[in-house]
Amino acid sequence: MKRLFTLILFFVGLVTYSQSDDNPLLVTPTVEKVSDTEYDLIFDIQIAEDWHLYSQYNPEGASLPMSIAPAEGETGYVLNGKATESETETEFSEIWGMDETFFVEEARLVQRITIENPELTQVTLNLDAQVCKEYCLPFDEDFTFSLTGEVVSQTVTEVDEKSEALSQSLNLDLKNTILLKSTADNSEGDEKEGKTLTNIFLLGFVGGLLALLTPCVFPMIPLTVSFFTKKSEKKSGGIGSAVLYGFFIVLIYALLSLPFHYLDTLDPEILNSISTNVWLNVFFFVVLIVFAGSFFGFYELTLPSSWSNKADSASGIGGFIGIFFMALTLAIVSFSCTGPILGSLLAGSLTSAGGAMQLTAGMTGFGLALALPFALFAMFPGWLNSLPKSGGWLNTVKVILGFLELAFAFKFLSNADLVGHWGLLKREIFIGLWAFIALLMALYLFGFIGKKYGKISFFRVLLGLIALAGAVYLAPGVLQKEKQPWNQGDLLSGFAPPQFHSIYQTNNNCPLNLNCFKDFEEGIEYAKSVNKPVLLDFTGWACVNCRKMEETIWSQPDIYSLINDDYVLISLYVDDNERMLPDAEQFDFIKPNGKVKRIRTYGDKWATLQAANFKTASQPFYVLMSPNLEVLNSPQQYTDRDTYYNWLKVGLDRFNSN
965 MKRLFTLILF FVGLVTYSQS DDNPLLVTPT VEKVSDTEYD LIFDIQIAED WHLYSQYNPE
1025 GASLPMSIAP AEGETGYVLN GKATESETET EFSEIWGMDE TFFVEEARLV QRITIENPEL
1085 TQVTLNLDAQ VCKEYCLPFD EDFTFSLTGE VVSQTVTEVD EKSEALSQSL NLDLKNTILL
1145 KSTADNSEGD EKEGKTLTNI FLLGFVGGLL ALLTPCVFPM IPLTVSFFTK KSEKKSGGIG
1205 SAVLYGFFIV LIYALLSLPF HYLDTLDPEI LNSISTNVWL NVFFFVVLIV FAGSFFGFYE
1265 LTLPSSWSNK ADSASGIGGF IGIFFMALTL AIVSFSCTGP ILGSLLAGSL TSAGGAMQLT
1325 AGMTGFGLAL ALPFALFAMF PGWLNSLPKS GGWLNTVKVI LGFLELAFAF KFLSNADLVG
1385 HWGLLKREIF IGLWAFIALL MALYLFGFIG KKYGKISFFR VLLGLIALAG AVYLAPGVLQ
1445 KEKQPWNQGD LLSGFAPPQF HSIYQTNNNC PLNLNCFKDF EEGIEYAKSV NKPVLLDFTG
1505 WACVNCRKME ETIWSQPDIY SLINDDYVLI SLYVDDNERM LPDAEQFDFI KPNGKVKRIR
1565 TYGDKWATLQ AANFKTASQP FYVLMSPNLE VLNSPQQYTD RDTYYNWLKV GLDRFNSN
């Protein structure tokens, strides 16, 4: 489990590095001539505070050791063994169970080479390393060394000039920017964020209630409450202990979200990067499939027994500390049932715009739902008699959760499919899979598949009918839209792939078959030629609210006609990170503070365009502007139909009045 957790943090770090502006290593390459055929190529490395860089000699089976090698295609010289290293430190790693060797604060690497080609004037070496603190980031860079003491090449100057020019092109010369400031000053965004946090809290609370109904948690309620009420000489003492026990349960689950706040402060866009990273979405898909298998009873996921044994031993200390460890024991012992639900909550929160705050809200709601029964039943012990007895119904709840996990897993696979442009999980296939999962759930509840636990109850039959109705409702979604007896759009909006991601549609990748541009400059040039205002749409392939806006708001006839007839739609996908820009359009974006961000993909470019000009990284984000970049109305985000329609009308009226 420790190794798995470390790999997860490394994967998160990988996304951080690809998107982050902060690099914990500063490398200065220099050259010292030893003889006519030998040179020392030197890496002087400054390491940021609290970070450490692993040595070439870090043992096998631990964190990845550093390596130095000729860059791809390099010939004409050989490396004389490994580089010599400056002073390192050694420390035992509990994760890997061995001593690790690393640098802190600074490192000096001296790689001696022997020249085989006397005409060689420069050498490029690749430095591949891993730098870590609470999590790890990869470092994989090429460094060019001049063997003549002259400037390595003029390419660097040309790249700098290109970067400066292209950076300037992303800083738009917007007019009437007072409307942008008015948007930043109002409290509407804070109000929406508050509502979102409340919704996530309630979602976590519901997840906690579901966890209560699992075989790992439910039987512990009467046992734990009886322990508190019998152990205390006074009833008030037992109640106080149970309430404190419940408080510690909430605290433990809330604390689980703290590391993600640190990731969020390292790079404000890290959680958004997680949501749109292809391989992390595939990872979440696999994890949820594994969780579903656990709920189906194929195997059991548990934390190491040593954890629960240590926590249980500490719970006998007494007082506050003992009660805290009792709560910790509950969290560990019940992991096989709560883990899959928490995994879904973790994945769902990290893939939303609110990031770590939403995760904390969800975790707190989850912990509160688990804690309430212990406090309430301690206050009113007579209520224990009204609890149903443990039995097969608990396993039924667990299997139902397994089907829900399975359906949720395909949402993450769909995200990966959309961002990666694989075209594997089209809308009709996705809906068909959900319909099939709903049918399997119905068959299970009716007793046709799975283990049978006595007579099937009325409540189980009722749930089976609901699942069957869901399968029937979803089934027509595999047909062409024109042949469907009803439209599942309202229910599946934002969850299923967009309507244009269809096996029946291959000629238009724009929402609702609208005419749209996916390049800002091309869209602006077209708007100038037809003298129409621009609807600038910052969106994402994996953006749930973007799909909801398109399928429930844009599809309204009056709004659709406004966008189609009176505006030029420019849809910029900020998570389009699998499509590389042409080499001539790749550059280093220079920020006002002098920091540099690499622009290599279309997603990099459009995300930077949004952040640089509108100071936000959330989607959907809509801007109305004229072809000469005059802002026509305050930017709009996820909203209701009437607000959006009036917003479009105001922008159009202002354009026509100019």
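Residues in the sequence shown are numbered from 965 upward in steps of one, following the numbering used here.
Don't be surprised by glycine CBs; every beta carbon is placed ideally from N, CA and C.
task: Alpha carbon to alpha carbon, how far is Y1602 from L1136? Give it in angstroms, no decimals.
output: 24 Å
- prompt: When DSSP labels each residue in this structure, what does F1394 get in the three-state scheme?
  reply: If DSSP states are grouped into helix, strand and coil, F1394 belongs with the helices.
task: Taking only runs that begin and end inside the stretch 1560-1591, name each unbroken beta strand (DSSP E) of 3 or more residues, in chain order.
output: 1560-1563, 1585-1589
message: For the stretch 1427-1438 against the stretch 1381-1390, do three or more pairs of beta-carbon atoms, one drawn from each stretch, fall closer than 8 Å, so that the two count as touching?
response: no
query: Does the stretch 1481-1496 come close enough to the stretch 1532-1548 to have 3 or more Cβ pairs within less than 8 Å?
result: With a cut-off of 8 Å, the stretch 1532-1548 and the stretch 1481-1496 count as touching, because enough Cβ pairs lie within range.
Burial state of Q1010, where buried means 16 or more other Cβ atoms lie within 10 Å: exposed
query: Enumerated in chain order, which unbroken segments of the beta strand (DSSP E) with a length of 3 residues or greater are wholly contained in the stretch 986-1048?
result: 989-997, 1002-1011, 1016-1018, 1031-1034, 1041-1043
- prompt: Is L1588 near G1615, with beta carbons less than 8 Å apart?
  reply: yes
query: Is A1093 buried or exposed, if buried means 16 or more other CB atoms sit within 10 Å of its CB?
result: buried
query: Ends of the beta strand (DSSP E) at L1536?
result: Going by DSSP, L1536 is part of the beta strand (DSSP E) stretching over 1532-1537.
message: At the level of alpha carbons, what is the spacing between K1512 and T1054?
response: K1512 and T1054: Cα-Cα distance of roughly 53 Å.
Three-way DSSP call (helix, strand, coil) for D1617 in this model: helix
task: Compute the distance between the beta-carbons of L1084 and L1111, then report whether it is under 8 Å.
output: With contacts defined by Cβ atoms closer than 8 Å, L1084 and L1111 form a contacting pair.
message: Given a cut-off of 8 Å on the beta-carbon distance, is the pair W1088 and F1107 in contact?
response: Per the sequence shown, the amino acid found at residue 1088 is Thr instead of Trp. Cβ atoms of T1088 and F1107: closer than 8 Å.
- prompt: Which of helix, strand or coil does DSSP assign to R1072?
  reply: strand
query: Along the chain, which unbroken stretches of the alpha helix (DSSP H) at least 4 residues long are found entirely within the stretch 1405-1442?
result: 1422-1438
field: Which of helix, strand or coil DSSP assigns to F1330
entry: F1330 falls in the helix class under three-state DSSP.
- prompt: Would you report the Cα separation of C1096 and L1005, rounded to the nearest angstrom?
  reply: CA-to-CA, the gap between C1096 and L1005 works out to about 25 Å.
task: For my contact list, G1172 and L1332 are in at a C-beta cut-off of 8 Å; report their separation, rounded to the angstrom.
output: 7 Å
field: Coarse secondary structure for S1378, derived from DSSP in three states
entry: helix
The stretch 1541-1554 touching the stretch 1514-1524, judged by at least three CB pairs closer than 8 Å: No, the stretch 1541-1554 is not in contact with the stretch 1514-1524.
- request: Could you please give me the residues that DSSP links to I1077 through a beta bridge?
  value: Y1003, L1043
- request: Give me the Cα-Cα distance between E1128 and A1175, rounded to the nearest whole angstrom.
  value: 55 Å
query: Taking the beta strand (DSSP E) that V1087 falls in, what are its first and last residues?
result: 1086-1096
message: Using C-beta distances below 6 Å, list every residue in its chain close to I1420, excluding the 5 sequence neighbours before and after it, in chain order.
response: The residues are G1411.
query: Do you know whose CA, among Y1437, F1248, I1488, lies nearest D1501's CA?
result: I1488
message: Rounded to the nearest angstrom, what separates V1436 and L1456 at their Cα positions?
response: 14 Å
- prompt: Ordered along the chain, which non-local residues of its own chain (more than five positions away) have a Cβ less than 6 Å from that of K1329?
  reply: What sits at residue 1329 in the sequence shown is Gly, not Lys. If we look at G1329 and ignore the five residues flanking it on each side, its Cβ neighbours are F1165, G1168, F1169.
query: Hey, how far is the Cα of E1002 from the Cα of I1077?
result: 6 Å
field: Whole-angstrom distance between L1403 and G1396, CA atom to CA atom
entry: 10 Å
query: DSSP state of K1445, grouped into three classes?
result: K1445: helix per DSSP, three-state reduction.
query: Does DSSP put D1154 in a helix, in a strand, or in coil?
result: Low confidence applies to D1154: its pLDDT is 47, below 50, so where it sits in the model is not reliable, and the reading given next is rough at best. The answer is helix: DSSP assigns D1154 an H, G or I state.
task: Under 7 Å Cβ to Cβ from Y1524, same chain only, skipping five residues before and after it: list those, please.
output: L1476, W1518
task: Note down, in chain order, each residue of its chain lying with its Cβ closer than 8 Å to the Cβ of Q1450, except the 5 sequence neighbours on either side.
output: Looking at the sequence provided, one finds Trp at residue 1450 rather than Gln. Excluding residues within five positions, the ones whose Cβ falls inside 8 Å are Y1437, P1440.
field: Beta-carbon proximity check, S1378 vs L1370, cutoff 8 Å
entry: no
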